[in-house]
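Read the structure below first, then the notes.
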Amino acid sequence: MGPVLAGVLQLLALIAALALAYVPLGNHMAKVYSSDKHWRVEKWIYKGIGADPNTEMRWPAYLRGVLAFSAVGVLFLYLLQRLQGVLPGSLGFKAIDADQAFNTAASFVTNTNWQSYYGEQAMGHVVQTAGLAVQNFVSAAVGIAVAMALVRGFARSRTGELGNFWSDLVRGVTRILLPLSVVAAIVLVACGVIQNFSGIHEVGQFMGGDQQWNGGAVASQEAIKEIGTNGGGYFNANSAHPFENPTPFTNLFEIFLLLVIPFALTRTFGIMVGSVKQGYAILATMGTIWVGFIALMMWTEFAHHGPALQLAGGAMEGKETRIGVGASSIFAVSTTLTSTGAVDSFHSSFTGLGGGITMLGMQLGEIAPGGTGSGLYGMLIMAVIAVFIAGLMVGRTPEYLGKKIGTREIKFAACYILITLALVLIFTAVAMALPTPGNSMTNSGAHGFSEILYAYTSASNNNGSAFAGLNADTQWFNSTLGLAMILGRFLPMVFVLALAGSLAEQKPVPATAGTLRTEKPLFTGLLVGAILIITGLTYFPALALGPLAEGLAS
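Going by the numbering used here, the final residue of the sequence shown carries number 595, and the count climbs one at a time with no gaps.
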């Protein structure tokens with residue numbers, strides 16, 4: 042079997058698995074966020090934190106809950122890292138430096154999971170499990186909660202109430218993320234991923250020095266790392282490390298895990314707004330972009346030139362031989378079109394155009410299918426933009442799901458889009474203009490520029506993957522990337538919740554003969570076009586200086 046056919050067959054198997062999980066998981070999540078009953082363990086949690094899960098919140102109160110909870114998470118994780126040297130199970134590792142501790146705390150609380158450290162050489166068991174793994178759960182649950190608030194904004198009318206943040210947060214962990222992670226961890230352990238609390242082992246000599254291996258609770262963290270679209274690996278090599286991803290099957294299984302919730306949330310959305318067809322329209326948009334990007338990536342990585350690449354069966358530099366070009370391409374596209382950031386190959390070693398595809402996937406806003414929750418609300422924001430454009434084209438007031446998209450709503454949607462764009466381009470421009478950040482670049486020219494552009498694209502979009510080759514463990518990058526992660530996560534949430542509150546206050550508008558049918562393929566095509574044009578035109582000059590220039594020169 043040729044490598045191209047193998048890659049296509051793996052893609053088809055992945056689509057089949059996602060299709061099988063779509064209805065039951067989507068239905069389950071709709072029941073979770075629509076139920077008025079609380080589990081006993083959830084009642085204990087509410088009592089412990091002093092929250093009333095039955096109190097409905099308007100959008101400012103919901104936002105305050107998101108920000109307060111996340112701020113406490115940043116502080117707790119920062120202190121845990123700074124105190125690592127005196128904690129049990131630290132494996133002898135010292136406390137993390139202040140700038141790196143801030144960067145890591147901001148990273149994991151914002152669901153970015155950018156790592157400017159070597160996991161197996163910096164973090165002990167307590168920080169990994171009590172700090173990083175816990176944030177993998179709750180940061181993902183925060184994203185789903187905000188998405189559910191926006192969905193309720195479309196579903197409800199003549200009220201500003203969007204649900205209860207604390208209830209949405211706890212249910213996301215106890216009823217969705219935790220059960221799925223337990224099952225996934227068992228599968229990973231059965232397939233060879235390690236799960237222990239052992240120390241550091243000397244395993245021999247390598248290049249004149251001692252080689253050491255760490256143990257760790259890897260399978261459990263790997264499960265939520267993918268299911269919660271987090272991405273932070275236990276080891277520096279991330280999902281290319283055989284302790285995290287030992288076989289081609291685990292590689293495909295991990296891709297399935299990082300995609301299953303974001304895709305299934307479209308059915309949850311359809312059920313909660315009373316029209317499953319609306320969910321299918323959003324699903325079709327996400328699926329079209331996802332499959333299209335995979336096709337482009339496979340083409341760039343298999344369209345090799347020269348005898349070495351022909352013998353290798355593709356551009357194998359930076360890729361694991363046990364995984365291959367096809368599966369690496371699927372993983373790279375899936376992890377950058379979601380907010381996962383896990384990698385089974387080094388994106389810096391992809392072809393010039395292949396590296397550009399990974400960047401563009403993040404620059405779209407990670408909405409195809411996007412992160413847990415963040416992908417759905419990002420796509421719904423783009424749907425609002427698309428119906429507004431359609432309304433301008435036909436000369437009538439735009440409507441979406443029975444709600445008018447007026448001046449106030451379109452301002453919220455526009456601000457959501459512009460914030461991330463501004464963060465990426467401004468931080469990249471400043472870093473390239475100053476002399477010190479450039480010293481962290483391993484490469485010069487177009488590829489060196491791509492390293493900087495990729496870093497701020499990844500941080501601002503809360504992805505967390507790296508282009509490699511960039512030394513990000515400096516005060517400049519730890520500080521600015523940490524700031525970009527926080528602003529890129531929470532400022533858009535402000536406008537998502539404000540939009541949700543505005544929509545919930547409206548009374549429903551009856552459909553007429555002139556209403557745009559947003560469940561039809563025509564709208565799906567319009568939405569795909571709006572996404573590609575709005576983001577593509579904005580980032581095109583920067584992409585032309587980096588990956589496009591490199592790809593055309595090779």
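Backbone N, C-alpha and C fix where the C-beta goes; we use that ideal spot for every residue, glycine too.
Check, Outcome
"Nearest to S415 (by Cα), restricted to the options L173, L191, A594", "L191"
"Under the three-state DSSP convention, the category H242 falls into", "strand"
"Backbone CA spacing between E546 and S386 [nearest angstrom]", "47 angstroms"
"Alpha carbon of T270 to alpha carbon of A186, nearest angstrom", "15 angstroms"
"Element boundaries [alpha helix (DSSP H), containing A600]", "With the chain represented from 42 up to 595, any question about residue 600 goes unanswered, as that position is not in the structure."
"Residue range of the alpha helix (DSSP H) that includes C232", "Here C232 belongs to no alpha helix (DSSP H), and DSSP marks it neither H nor E."
"Inter-residue CB distance, N502 and T469 (contact presumed, cutoff 8 angstroms)", "Not really, about 13 angstroms apart at Cβ, beyond 8 angstroms."
"Which of helix, strand or coil DSSP assigns to L132", "coil"
"Inter-residue spacing [alpha-carbon to alpha-carbon] between K452 and Y119", "35 angstroms"
"Beta-carbon contacts of L210 that lie in its chain and below 6 angstroms, excluding the five residues immediately before and after", "A182, A186"
"With 16 other Cβ atoms within 10 Å as the buried cut-off, status of H282", "buried"
"Short Cβ contact (7 angstroms threshold) for G320 with G311", "yes"
"Nearest candidate by alpha-carbon position, reference L511, set S481, S499, G529", "S481"
"Cβ neighbours of A174 in the same chain (closer than 8 angstroms, five flanking residues each side left out)", "A258, S261, Q262, I265"
"Reduced DSSP secondary structure (H/G/I, E/B, other) of Q253", "strand"
"In chain order, each alpha helix (DSSP H) run of at least 4 residues that lies wholly inside the region 323-409", "348-353, 365-378, 393-404"
"Per-residue DSSP class, three states only, for Y63", "helix"
"Nearest-angstrom beta carbon gap, G165 and R131 [assumed within contact, 8 angstroms]", "For the sequence presented, residue 131 should be read as Ser rather than Arg. Going by Cβ atoms, the distance from S131 to G165 rounds to 4 angstroms, so yes, they are a contact pair."
"Residue from A509, G486, M357, G419 with nearest C-alpha to S389", "A509"
"Exposed unless 16 or more other CB atoms sit within 10 angstroms - verdict on R437", "exposed"
"Identity of the residues DSSP links to E440 by a beta bridge", "K445"
"Which of helix, strand or coil DSSP assigns to R99", "strand"
"Segment limits, alpha helix (DSSP H) that includes H488", "486-501"
"Y159 classed as buried or exposed, judged by whether at least 16 other C-beta atoms fall within 10 angstroms", "exposed"
"Cα-Cα separation, G172 to L121", "7 angstroms"
"Under the three-state DSSP convention, the category M164 falls into", "coil"
"Candidates L578, L46, L104, L59, of which the one nearest I302 by Cα", "L59"
"Residue(s) in a DSSP beta bridge with L173", "Beta-bridge pairing links L173 to no other residue."
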